[in-house]
Structures are given as structure tokens and as C-alpha cells.
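Asker: Protein chains in written order, with our numbering: chain A, 142 to 151; chain B, 210 to 422.
Dumping the structure here so I can ask a few things about it.
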């Protein structure tokens, strides 16, 4: 689930 | 974590500290848009709800809490402690013109139609335009932005510009990208471009900054 990966950013 | 993201985060943090220190040391929030600051507080509140649902790292959680805290303190200083110095008459940008379309867009264009996801999307869209009341305030009064306020804007702009470098890096190194974050991040950075130009050509040469209306 590609788009969820930027959720580790601020 | 890569260098672009780390320096971007530190720049973001520096921006918040610069603004807080400026207000605290001068005991005044003249020239600072309370509306922009309220919108940034909304951005952090809606994005960092995941503090309760997901754990990424100690760094991630601490930074989120610090951003929330600093932004609440800033709003408190503007609207309560140093309210008398708040330049409300010049802070006339109509916030509903941003918040309403942004909320609508977040409901229409998102990765997943769920409560947290829509709030996250809302925060991404809102962040990209939240600085407009501040830029509007500087341009409208025709009066000069204090140099410290310029440093604040520069640090805040650099943060999102570095995040774009981070997304390019992650695309090539890790093979993924988030279209919503990238488009909104580019819009956000573009809004700062005019300011960047003025900042480099004026503030670095020791002059004060004015944004032509």
C-alpha cells in the first residue's frame, strides 16, 4: 500500500 | 530517514522556534498573522492524530508533540498573552476561502475514504496554503516585514522544498511516492518562491523586506 508510506514523515 | 528530510525537519523546527523567540523577546506579535498560525495549529492537530494510532519512532513522536506544543503556544501568545500587540486590522485574509475549499477537496480527492485519512489529506492541503494570510498581511500593509519574520518564512519555505528533494530521493531509493503529498508540497513551495527571491536579494543584503501587492 504505497501511499501510506509517507505517513512516517512529519 | 535521509538527509533532505532531516534537514527539512530541523528547518521546520527552527522556523517555529524563530517565531516563538521573536514574539517572546520583543513581547509583541506585530506583523505576525494569527490566522496563519491558527491554520498551522489545525494542520498539526489533524495530521498528528496518528500519535494515538501508530508508532513510527521516538524521533517521529517527539517531533509531532513538539510541533503541536509550539504551535499552540504561538497561538496562545498571539490571541491571549500579547493580544494587545496583535495587528488584527491588517490580518484580513478570509480564512474560510481557504478552509472550505480545502476541506471539500480533502473529501473528494483522498487515498481512502476514512475519517483519519480525510483529516490527514485535509492537513496536507491546508498546510500548502496556510501561509497565505501571512504573505497577504505583508503585501497588503505595504509595510516592511521584520527581518526576523523573514527568517521565519525562509526556514518554513526551505522545509517544504527539502521535502520535495526527499520525495524524489525516496522515489528512486525506495520506489514509492505519495501523489497527494507531492502535489500539495509543490504548490506550497511555489507559494514561497516569490518570497525566496525577495529574501535572497534584499534580506541577505541587509535591507528590509516588502512584498509588492
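For every residue, glycine included, the Cβ atom is placed at its ideal position computed from N, Cα and C.
Give a yes or no on whether 8 Å exceeds the smallest Cβ distance from residue 278 of chain B to chain A.
Answerer: Within the second chain, residue 278 of chain B is the residue found at index 69, counting from 1. By this cut-off, residue 278 of chain B is not an interface position.
Asker: Just the Cα atoms here: how many angstroms apart are residue 347 of chain B and residue 214 of chain B?
Answerer: Taking the second chain and counting its residues from 1, one reaches residue 347 of chain B at position 138. Taking the second chain and counting its residues from 1, one reaches residue 214 of chain B at position 5. The alpha-carbon atoms of residue 347 of chain B and residue 214 of chain B are separated by roughly 29 Å.
Asker: For chain A, check one thing: does any of its Cβ atoms lie closer than 8 Å to the Cβ of residue 390 of chain B?
Answerer: Mapped onto the second chain, residue 390 of chain B falls at position 181. At least one chain A Cβ lies under 8 Å of residue 390 of chain B.
Asker: Ignore the nearest five residues each way along the sequence and tell me which others in residue 177 of chain B's own chain have a CB closer than 6 Å to its CB.
Answerer: Absent from the structure is residue 177 of chain B, since the part of chain B shown begins at 210 and ends at 422.
Asker: Which residue's Cα is closest to the Cα of residue 338 of chain B: B/269, B/316, B/364 and B/307?
Answerer: One-based indexing of the second chain puts residue 338 of chain B at position 129. Closest by alpha carbon: B/307.
Asker: Would the segment 276-285 of chain B count as touching the segment 307-320 of chain B if we require 3 or more Cβ pairs under 8 Å?
Answerer: Because the criterion of three Cβ pairs below 8 Å is not met, the segment 276-285 of chain B and the segment 307-320 of chain B do not touch.
Asker: At the level of alpha carbons, what is the spacing between residue 242 of chain B and residue 323 of chain B?
Answerer: As a first step, residue 242 of chain B is located in the second chain; it is residue number 33 there, counting from the start. As a first step, residue 323 of chain B is located in the second chain; it is residue number 114 there, counting from the start. Cα to Cα, residue 242 of chain B sits roughly 32 Å from residue 323 of chain B.
Asker: Answer with buried or exposed for residue 298 of chain B, where buried requires no fewer than 16 other C-beta atoms within 10 angstroms of its C-beta.
Answerer: Here residue 298 of chain B refers to the residue found at position 89 of the second chain. Result: exposed.
Asker: To the nearest angstrom, report how far apart residue 321 of chain B and residue 147 of chain A are at their CA atoms.
Answerer: Taking the first residue of the second chain as 1, we reach residue 321 of chain B at position 112. Taking the first residue of the first chain as 1, we reach residue 147 of chain A at position 6. Using only the alpha carbons, I get a separation of about 14 Å.
Asker: Report the neighbours of residue 272 of chain B on chain A: residues whose CB is nearer than 9 Å to its CB, in chain order.
Answerer: Looking up residue 272 of chain B in the second chain gives position 63. Ordered by position in chain A, the residues that pass the 9 Å Cβ test against residue 272 of chain B are 151.
Asker: Skipping 5 residues on each side, what residues in its chain have a beta carbon closer than 8 Å to that of residue 325 of chain B?
Answerer: As a first step, residue 325 of chain B is located in the second chain; it is residue number 116 there, counting from the start. 258, 259 and 262, listed in sequence order.
Asker: According to DSSP, residue 354 of chain B sits in a beta bridge with which residue or residues?
Answerer: The count along the second chain starts at 1 and reaches residue 354 of chain B at position 145. DSSP, once it has assigned bridges, lists B/418 as partnering residue 354 of chain B.
Asker: Checking 8 Å against the spacing of the C-beta atoms, do residue 364 of chain B and residue 227 of chain B come in under that value?
Answerer: In the second chain, residue 364 of chain B corresponds to position 155, counting from 1. In the second chain, residue 227 of chain B corresponds to position 18, counting from 1. Cβ distance < 8 Å, so residue 364 of chain B and residue 227 of chain B count as in contact.
Asker: Say whether chain A places a C-beta atom closer than 8 Å to the C-beta of residue 369 of chain B.
Answerer: For the purposes of this step, residue 369 of chain B is taken as the residue at position 160 of the second chain. No, no contact with chain A.
Asker: Pairing CB atoms from the segment 395-405 of chain B with CB atoms from the segment 355-372 of chain B, are three or more of them under 8 Å?
Answerer: yes
Asker: Could you check which residue in B/218, B/319 and B/289 has the C-alpha nearest to that of residue 275 of chain B?
Answerer: Mapped onto the second chain, residue 275 of chain B falls at position 66. Of the candidates B/218, B/319 and B/289, the one whose C-alpha sits nearest the C-alpha of residue 275 of chain B is B/218.
Asker: Which whole runs of the beta strand (DSSP E) in the segment 312-373 of chain B are 3 residues long or more, in chain order?
Answerer: Unbroken beta strand (DSSP E) runs of no fewer than 3 residues, entirely contained in the segment 312-373 of chain B, are not found.
Asker: Any C-beta of chain A within less than 9 Å: which residues of the segment 248-275 of chain B qualify?
Answerer: 256, 257, 259, 263, 265, 266, 269, 272 and 273
Asker: Would you kindly work out how many angstroms separate the C-alpha atoms of residue 377 of chain B and residue 389 of chain B, rounded to a whole number?
Answerer: Your numbering for residue 377 of chain B matches position 168 in the second chain. Your numbering for residue 389 of chain B matches position 180 in the second chain. Approximately 14 Å, taken between the alpha carbons.
Asker: Closest Cβ-Cβ distance between residue 403 of chain B and chain A: below 8 Å?
Answerer: Stepping through the second chain from its first residue, residue 403 of chain B is reached at position 194. It does not; no Cβ of chain A falls within 8 Å.
Asker: Can you tell which of B/249, B/290, B/291 and B/292 has its C-alpha closest to the C-alpha of residue 273 of chain B?
Answerer: Counting from one through the second chain, the residue named residue 273 of chain B turns up at place 64. Taking only the C-alpha atoms, the option nearest residue 273 of chain B is B/249.
Asker: Leaving out five residues before and five after residue 454 of chain B in sequence, what residues of the same chain have Cβ atoms less than 8 Å from its Cβ?
Answerer: Any question about residue 454 of chain B goes unanswered here, given that chain B covers just 210 to 422.
Asker: Under the three-state reduction of DSSP, which class applies to residue 290 of chain B: helix, strand or coil?
Answerer: Against the second chain, residue 290 of chain B aligns to sequence position 81. Helix at residue 290 of chain B.
Asker: Is it the case that the Cβ atoms of residue 280 of chain B and residue 225 of chain B are separated by a distance below 8 Å?
Answerer: Indexing the second chain from 1 puts residue 280 of chain B at position 71. Indexing the second chain from 1 puts residue 225 of chain B at position 16. Contact flag set, yes.
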